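Enquirer: Just so you know, the protein sequences line up as chains A and B, in that order. Going letter by letter, the first sequence gives residues 3 to 232 in our numbering. Going letter by letter, the second sequence gives residues 3 to 232 in our numbering.
There are 2 protein chains.
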Amino acid sequence: MVDHLSSAQWEMLVPLLSVQVEYAAGDVISHRGDLLDHSLLLLDGLVARSVPHGRGMRSTVVALQFPGEFVDLHAFPLKQLDHDVVSLTATRVAKICHNALQDLLNGNVELARKLWLMTLVDASIHRHWVMRNSAMRALARVANFFCEYDARMTAAFAAERDILPFTLKQADIADATGLTSVHVSRTLRDLREHGCCTVAGGKLTIHDRKGLFKIGNFDAAYLYMPDTAR
Amino acid sequence: MVDHLSSAQWEMLVPLLSVQVEYAAGDVISHRGDLLDHSLLLLDGLVARSVPHGRGMRSTVVALQFPGEFVDLHAFPLKQLDHDVVSLTATRVAKICHNALQDLLNGNVELARKLWLMTLVDASIHRHWVMRNSAMRALARVANFFCEYDARMTAAFAAERDILPFTLKQADIADATGLTSVHVSRTLRDLREHGCCTVAGGKLTIHDRKGLFKIGNFDAAYLYMPDTAR
DNA sequence: CGGAGCGTTGAGCAACGTCAAAAGACGTGG
DNA sequence: CCACGTCTTTTGACGTTGCTCAACGCTCCG
Numbered sequence: 003m004v005d006h007l008s009s010a011q012w013e014m015l016v017p018l019l020s021v022q023v024e025y026a027a028g029d030v031i032s033h034r035g036d037l038l039d040h041s042l043l044l045l046d047g048l049v050a051r052s053v054p055h056g057r058g059m060r061s062t063v064v065a066l067q068f069p070g071e072f073v074d075l076h077a078f079p080l081k082q083l084d085h086d087v088v089s090l091t092a093t094r095v096a097k098i099c100h101n102a103l104q105d106l107l108n109g110n111v112e113l114a115r116k117l118w119l120m121t122l123v124d125a126s127i128h129r130h131w132v133m134r135n136s137a138m139r140a141l142a143r144v145a146n147f148f149c150e151y152d153a154r155m156t157a158a159f160a161a162e163r164d165i166l167p168f169t170l171k172q173a174d175i176a177d178a179t180g181l182t183s184v185h186v187s188r189t190l191r192d193l194r195e196h197g198c199c200t201v202a203g204g205k206l207t208i209h210d211r212k213g214l215f216k217i218g219n220f221d222a223a224y225l226y227m228p229d230t231a232r
Numbered sequence: 003m004v005d006h007l008s009s010a011q012w013e014m015l016v017p018l019l020s021v022q023v024e025y026a027a028g029d030v031i032s033h034r035g036d037l038l039d040h041s042l043l044l045l046d047g048l049v050a051r052s053v054p055h056g057r058g059m060r061s062t063v064v065a066l067q068f069p070g071e072f073v074d075l076h077a078f079p080l081k082q083l084d085h086d087v088v089s090l091t092a093t094r095v096a097k098i099c100h101n102a103l104q105d106l107l108n109g110n111v112e113l114a115r116k117l118w119l120m121t122l123v124d125a126s127i128h129r130h131w132v133m134r135n136s137a138m139r140a141l142a143r144v145a146n147f148f149c150e151y152d153a154r155m156t157a158a159f160a161a162e163r164d165i166l167p168f169t170l171k172q173a174d175i176a177d178a179t180g181l182t183s184v185h186v187s188r189t190l191r192d193l194r195e196h197g198c199c200t201v202a203g204g205k206l207t208i209h210d211r212k213g214l215f216k217i218g219n220f221d222a223a224y225l226y227m228p229d230t231a232r
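So this is what it looks like as structure tokens:
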């Protein structure tokens, strides 16, 4: 969500974003524990922060980043991350070097506070995920996941759509919601039969957004969207 | 974890912490959506960030703060929180006014970055909670919860102990781990019978820390402890 | 002594996981 | 275009975990 920034602030950041890199679905962009001297701004595609569980086992997706969001801005103060960063689709990112960022932020307290704020919005989303995966049953959980997907995609496109690009596998949804892919499959059928939404052919089609929000018990306040007042 | 700060930085912060307040177990310190002009440093007791679910229903604890930690430093950039802040035990906190903090940080980029970092450690803990409550079964989940409790209490006391003060109710553990209090009760019995730890009389007694770590599959890296190198 | 709150236990059940098989989707090379 | 292998989704049968409901005991405190 770069829309937390004023256009003047955005202009200052752009020169630092010269180097672009592309990844394919499944690529590991950085490993937990790696020392990082740069962060990434996601231009296109979906990236997961994921905690591996050991060879052969699937890993848990603890966060998802959408186009227009920083993927690992928290690596700037932390230097080292506690999770892997994995590309879930074909993605394009822009690198931002920590040294250059430090120089920029030293002279601009306002911008520094905005970037701080953006990492805090990520943290708010983490808390929501804790709640979702701890306190909601499968149907509500997956519905709520789609509500968030819808809201963040809408922000990324700056336009509401009823048909969204969606190239995640059911196993990815499972990793993000703490279910098995088998149960995700069944839950998607339930949502389909409720007339809420359909996932097929790389698209998420929302037939009944209101119904989906209700089943998912969705309230977007935790996303701290800049324009869309709560 | 104020130990991320140098003693010089700590000295600068202390003058802002004049006002102290006490709360009793169960007090709601601030409500979601409240506009906040100050943050709190926890001096004593335990505080939960909790998401309410409606009248009568129990709420989900999405984070726990220990003595020496900021409770809601994220309210400084965010101004408004997405969750309640609830005292779980008798607590004592020190207020820090956002205006004064802003003046201090405007003149001290290093300190600002340290505070940023501290909120990012919170976020890392959130991610761990997502993983724990999504991917671990009850026994491992509760064991891991106790491992974290042990590690953060050890940091708060600056001393390792096998008998820790523990005044949370089983229902609180349930709210934090996404289980029911009934199942927590059974799980505590299991941990007791494994010879790992006992919860009774306001104390958590760790009989076999190594065994507890193993059952909880615990790796403290996500806590980003300053001294204890990973 | 009585009540309130918390912890414990048991029985039954719903939700979700596991395993396995089959069907569909998709790209590749002939 | 078809044949093939691989990956993903779907479905069924069955097992397990953890939830629900209800009863009972315990402790603390008035």
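Cβ coordinates follow ideal geometry from the N, Cα and C atoms, glycine included. These figures come from a predicted structure and were not determined experimentally.
At the 8 Å Cβ level, is B:Arg51 part of the contact set with chain A, yes or no?
Expert: Taking the first residue of the second sequence as 1, we reach residue 51 of chain B at position 49. Yes, its Cβ sits closer than 8 Å to a Cβ of chain A.
Enquirer: Does the beta-carbon distance from A:Leu45 to A:Ala96 come in below 8 Å?
Expert: Taking the first sequence and counting its residues from 1, the one referred to as residue 45 of chain A is at position 43. Taking the first sequence and counting its residues from 1, the one referred to as residue 96 of chain A is at position 94. Yes, they are a contact pair.
Enquirer: For B:His100 versus B:Ser41, is the C-beta distance shorter than 8 Å?
Expert: Translated into the one-based positions of the second sequence, residue 100 of chain B becomes position 98. Translated into the one-based positions of the second sequence, residue 41 of chain B becomes position 39. Result yes, Cβ atoms of B:His100 and B:Ser41 sit closer than 8 Å.
Enquirer: So, under 8 Å CB-CB, B:Asn146 and B:Arg154 are touching, yes? Tell me the CB distance rounded to an integer number of Å.
Expert: The sequence position of residue 146 of chain B within the second sequence is 144, counting from 1. The sequence position of residue 154 of chain B within the second sequence is 152, counting from 1. Contact flag wrong, Cβ pair sits at about 13 Å.
Enquirer: Return yes when the Cβ of B:Ala65 is within less than 8 Å of the Cβ of B:Asp124, no when it is not.
Expert: The sequence position of residue 124 of chain B within the second sequence is 122, counting from 1. The sequence position of residue 65 of chain B within the second sequence is 63, counting from 1. Taking 8 Å as the Cβ cut-off, B:Asp124 and B:Ala65 qualify as a contacting pair.
Enquirer: Could you spell out the range, first to last residue, of the alpha helix (DSSP H) harbouring B:Arg134?
Expert: Within the second sequence, the letter at position 132 stands for residue 134 of chain B. Start and end: 111-137.
Enquirer: Whole angstroms are fine: how far does the CA of A:Ile175 sit from the CA of A:Thr62?
Expert: Stepping through the first sequence from its first residue, residue 62 of chain A is reached at position 60. Stepping through the first sequence from its first residue, residue 175 of chain A is reached at position 173. Each residue's Cα considered, the two are about 10 Å apart.
Enquirer: Checking 8 Å against the spacing of the C-beta atoms, do A:Leu103 and A:Ser32 come in under that value?
Expert: Locating residue 103 of chain A in the first sequence gives position 101, where the first residue counts as 1. Locating residue 32 of chain A in the first sequence gives position 30, where the first residue counts as 1. The answer is no: Cβ separation not under 8 Å.
Enquirer: Going by the CB atoms, is the gap between A:Pro167 and A:Gly204 shorter than 8 Å?
Expert: Mapped onto the first sequence, residue 204 of chain A falls at position 202. Mapped onto the first sequence, residue 167 of chain A falls at position 165. In contact: A:Gly204 and A:Pro167 (Cβ atoms closer than 8 Å).
Enquirer: Less than 8 Å between the CB atoms is what I'm expecting for B:Val88 and B:Val30, so what's the real figure, rounded?
Expert: One-based indexing of the second sequence puts residue 88 of chain B at position 86. One-based indexing of the second sequence puts residue 30 of chain B at position 28. The pair is a contact, with the Cβ atoms about 5 Å apart (cut-off 8 Å).
Enquirer: On the premise that A:Tyr226 lies in contact with A:Ser136, defined as a C-beta separation below 8 Å, what is that separation, rounded to the nearest angstrom?
Expert: The count along the first sequence starts at 1 and reaches residue 136 of chain A at position 134. The count along the first sequence starts at 1 and reaches residue 226 of chain A at position 224. No, A:Ser136 and A:Tyr226 are not in contact; Cβ-Cβ is about 21 Å, not under 8 Å.
Enquirer: For B:Glu71, is the classification buried or exposed, using 16 other Cβ atoms within 10 angstroms of its Cβ as the cut-off for buried?
Expert: Stepping through the second sequence from its first residue, residue 71 of chain B is reached at position 69. Counting Cβ neighbours within 10 Å, B:Glu71 comes out buried, since at least 16 surround it.
Enquirer: Distance, Cα to Cα, B:Ala222 vs A:Phe220?
Expert: Translated into the one-based positions of the second sequence, residue 222 of chain B becomes position 220. Translated into the one-based positions of the first sequence, residue 220 of chain A becomes position 218. Spanning the two alpha carbons is a distance of roughly 33 Å.
Enquirer: Which residues of the segment 110-135 of chain A have a Cβ closer than 7 Å to any Cβ of chain B? Give them in chain order.
Expert: Within the segment 110-135 of chain A, the residues whose Cβ lies closer than 7 Å to some Cβ of chain B are Val111, Ala114, Arg115, Trp118, Leu119, Thr121, Leu122, Asp124, Ala125, Ser126, His128, Arg129, Trp131, Val132, Met133, Asn135, listed in chain order.
Enquirer: When we look at the beta-carbon of B:Gly180 and count the other beta-carbons within 10 Å, is it buried (16 or more) or exposed?
Expert: Position 178 of the second sequence, counted from the start, is the residue given in the question as residue 180 of chain B. When all chains shown are included, B:Gly180 counts as buried.
Enquirer: Within 10 Å of its beta-carbon, does A:Gly218 have 16 or more other beta-carbons around it, so buried, or fewer, so exposed?
Expert: The residue you call residue 218 of chain A lines up with position 216 of the first sequence. Classification of A:Gly218: buried, given that the 10 Å Cβ count is 16 or more.
Enquirer: Would you please verify whether the beta carbon of A:Tyr224 is less than 8 Å from any beta carbon of chain B?
Expert: To locate residue 224 of chain A, count along the first sequence from 1; it is residue 222. Answer yes: the Cβ-Cβ gap between A:Tyr224 and chain B drops below 8 Å somewhere.
Enquirer: Under 8 Å, do A:Phe159 and A:Cys199 count as touching if we go by C-beta distance?
Expert: Numbered from its first residue, the first sequence carries residue 159 of chain A at position 157. Numbered from its first residue, the first sequence carries residue 199 of chain A at position 197. Their beta carbons are not under 8 Å apart, which means A:Phe159 does not touch A:Cys199 by this criterion.
Enquirer: For A:Phe220, name the three-state secondary structure that DSSP assigns.
Expert: Along the first sequence, read from residue 1 onward, the residue named residue 220 of chain A stands at position 218. Correct three-state label for A:Phe220: coil.
Enquirer: Compare the C-alpha of B:Glu24 against each of B:Thr91, B:Arg60, B:Met14, B:Val201 and name the closest.
Expert: Along the second sequence, one-based indexing puts residue 24 of chain B at 22. Nearest of B:Thr91, B:Arg60, B:Met14, B:Val201 to B:Glu24, Cα basis: B:Thr91.
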